[in-house]
Amino acid sequence: MVDELLFFMEVLVGGLLAGTMYSLVALGFVLIFKASATFNFSQGAMVFFSVLAFCGFMQDFNIPFVLAFILAALLMVVVGLCTERLVLRPLMNASEDTVLMATIGLGYVLEGLAQAAWGVEVRRLDLGIGDFPVPWIADNLKLFISALDITAGLVAAIMIIGLFLLFKYTKIGLGLRAVADDAGAASSIGIPLKHIMLLVWSAAGVVALVAGCMWGARAGVQFALVDLALKALPVLIIGGFSSIPGAIIGGLIIGAVEKVLEVYIGPFFGGAIEGWAPYVLAIFFLLYRPEGLFGEKIIRRV
Amino acid sequence: MSNTSANILDIKNIEVRYDNVILALHDVSLKVPKGKVVALLGANGAGKSTTLKAVSTMLASERGKVTNGTIEYDGNAIDKQTPSQMVGLGMVQVLEGRRCFGHLTVEENIISGAYSRKLSKGDINQELEKIYTYFIRLKERRKSQAAFTSGGEQQMIAVARAMMAKPKMLLLDEPTMGLAPQLVAEIFNIVKELNTKEGVSILLAEQNTNVALKNSDYGYIIETGRVMLDGTAQSLLNDDKVKELYLGISKKGRKNFRDVLKEESLTKRSN
């Protein structure tokens, strides 16, 4: 009995921590959705591009870890700058659908550029954090929990706190929330839209880099990271597209639910249900709570 | 550059097109003297909002363009400026339909108006207190989410937000739309106060001809993108045609100025 409970705890905690990895990817989507009301289809490509650049700097140019990370982050700011200047500004008066299509195109460009610059083979990323159980926890709590999962959890926590403080207490955060609510009105009182867009895309780029590091360390830095970003979709549907806490909680729910279902219900379906179980959950949310758990309700006075 | 002329805004014969095709303004000229309130009157679709947006350069975001004529604000030609540059020059537009940031609190909404200015936290609070002396009602509701305030309060938020940018000139687009008469009076009182105490020049687009003229110094009446009539507010209030067409003191079922002019020319010819 105790063993069974411990096993359940292990599955649950492992799932929750793995879920924070989804949260990290989802965060990037939320940032851009808040400012442009667009689902950024290129977020997966940004994850791939940023982490491949990071590996490229370290492995091809022998740049030390920290410096390579800073360089990759700066590169993502440049990507944000180019996106604002070359894609968003010319489409400023276009419909949201047009911007959505443009992000798909942007994704292909980033994928292509990354592979042209750093090759197509799978790279190993060693963060110095092993993807194996932490001995101390295994000995004392009898739970086998990966050190990488714990790190991802901590990183996600730091990022959400940082972003929360940025949005709530800084001037640029106020500007961003204003633009998210009504870009036209924000522009009419002198909030420069292009600065806000630049900030948001750069921030989403850095978040993509962090998410890419975590996933790259687990699964190798490879093209599959692009599709992995699609896992963020059910996370966003459950958490709400415009909510940063929602992205975190949504990730935790998806992580926990898919692991628990896989272990306990999976055998009845012949296994491998974690691939589709989150989408089933997402459909239920779309049916009964389309704004997600934390999404901003559309407030309309009657 | 200091402007020595008496007009803060001088629009000369502008023509505005949307999508390069749709002609929204044919020929509009108007002047706003410094420190005065000027009303721009007309029915829906007459071109009031378009005129205001041409001035604040918000037209570009709606694929509109000034294709002819000139606009001079405070001695400078308005041409390629962005809306945020215009705010920097002291010209702020309060858009039609209030457009508050619904998820922000009332106070956050007002503070966002100071975005273009480099103010310290203390300065912002000082400005905020000053703004609240005009909008007492908003102070009580400062912590509420703006979307849950009433229509009148939202209009006040929009004007207060614009005032935080410290404008020399305000463009108000239908500030009384959909408000009860008592609130209309309250809004106009505040606008008059801002005009006299803060010295803000005001260009006001309104359908509510009677109230607007009573609170203005000068008025322009536009119809289908053309200025049909202009004059001091008093003279317009006493004008027979205005009375008949816009103040509802009508004899027959005439619809607009063109019909009146047509009728007059017909009577002239028959004489």
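Here the protein sequences line up with chains A and B, keeping their order. If you're matching positions, the first sequence starts at 3 in our numbering and goes up one per residue. If you're matching positions, the second sequence starts at 2 in our numbering and goes up one per residue. Cβ atoms here follow ideal geometry from the backbone N, Cα and C, with glycine treated the same way.
As assigned by DSSP and simplified to three states, the class of residue i
i	result
B/Ser151	coil
B/Thr197	helix
B/Ile203	strand
A/Tyr281	helix
B/Ala44	coil
B/Gln94	strand
A/Pro66	coil
B/Leu180	coil
A/Glu123	coil
B/Ile23	strand
A/Ser148	strand
B/Cys101	coil
B/Phe189	helix
B/Thr58	coil
A/Ala213	helix
A/Pro247	helix
B/Tyr247	helix
Backbone CA spacing between residue i and residue j [nearest angstrom]
i	j	result
B/Ala25	A/Glu98	25 Å
A/Ala20	A/Leu232	15 Å
B/Met229	B/His27	12 Å
A/Gly273	B/Gly152	56 Å
B/Asn77	B/Ser6	11 Å
B/Pro182	B/Glu154	14 Å
B/Gly103	B/Glu130	22 Å
A/Arg87	A/Ala104	13 Å
A/Ala118	A/Leu230	21 Å
B/Glu16	B/Ala47	13 Å
A/Arg125	A/Leu115	16 Å
A/Ser25	B/Gln208	51 Å
B/Ala148	A/Ala180	13 Å
B/Ala206	B/Leu120	31 Å
A/Phe296	A/Leu195	26 Å
B/Ile23	B/Asp174	21 Å
Heavy atom of the ligand ZN within 7 Å of residue i beta-carbon
i	result
A/Ile239	With respect to the ligand ZN, the structure offers nothing, as it holds no ligand at all.
Residue interval of the beta strand (DSSP E) (run including residue i)
i	result
B/Lys66	Gly65 to Tyr74
B/Ile12	Asn8 to Tyr19
A/Gln45	Note, A/Gln45: premise wrong, no beta strand (DSSP E); alpha helix (DSSP H) at Gln45 to Phe63.
A/Val223	First-last for A/Val223: undefined, no H or E at that position.
A/Ile139	Note, A/Ile139: premise wrong, no beta strand (DSSP E); alpha helix (DSSP H) at Pro137 to Asn142.
B/Arg227	Arg227 to Thr233
B/Met87	That residue, B/Met87, is in no beta strand (DSSP E); its alpha helix (DSSP H) goes Pro84 to Gly89.
B/Tyr221	Tyr219 to Glu224
A/Asp128	No beta strand (DSSP E) holds A/Asp128; DSSP gives it neither H nor E.
A/Leu232	Neither: A/Leu232 is in no beta strand (DSSP E) and is coded neither H nor E.
B/Leu172	Met170 to Asp174
DSSP bridge partner residues for residue i (one or two, in chain order)
i	result
B/Thr106	B/Gln146
B/Lys32	B/Asp11
A/Gly17	DSSP output for A/Gly17 lists no bridge partner at all.
B/Ala78	B/Glu73
B/Val38	B/Ile203
Opening and closing residue of the alpha helix (DSSP H) in which residue i lies
i	result
A/Pro269	Here A/Pro269 belongs to no alpha helix (DSSP H), and DSSP marks it neither H nor E.
A/Val181	Lys173 to Asp183
B/Asp240	Taken as a continuous stretch (DSSP letters only), B/Asp240 belongs to no alpha helix (DSSP H), as it is neither H nor E.
A/Leu295	Neither: A/Leu295 is in no alpha helix (DSSP H) and is coded neither H nor E.
B/Gly127	Correcting the residue identity first, residue 127 of chain B is Gln in this sequence and not Gly. Lys122 to Tyr135 is the span of the alpha helix (DSSP H), which, as asked, contains B/Gln127.
A/Val89	Careful: A/Val89 lies outside any alpha helix (DSSP H) and carries neither H nor E.
B/Lys215	Thr210 to Lys215
Per-residue contacts from residue i into chain C (C-beta, under 9 Å)
i	result
B/Ser50	Within the model displayed, chain C is absent; protein chains A and B are what it includes.
Rounded Cβ spacing between residue i and residue j (contact assumed at less than 8 Å)
i	j	result
B/Val185	B/Ser145	Wrong, their Cβ atoms sit about 22 Å apart, outside the cutoff.
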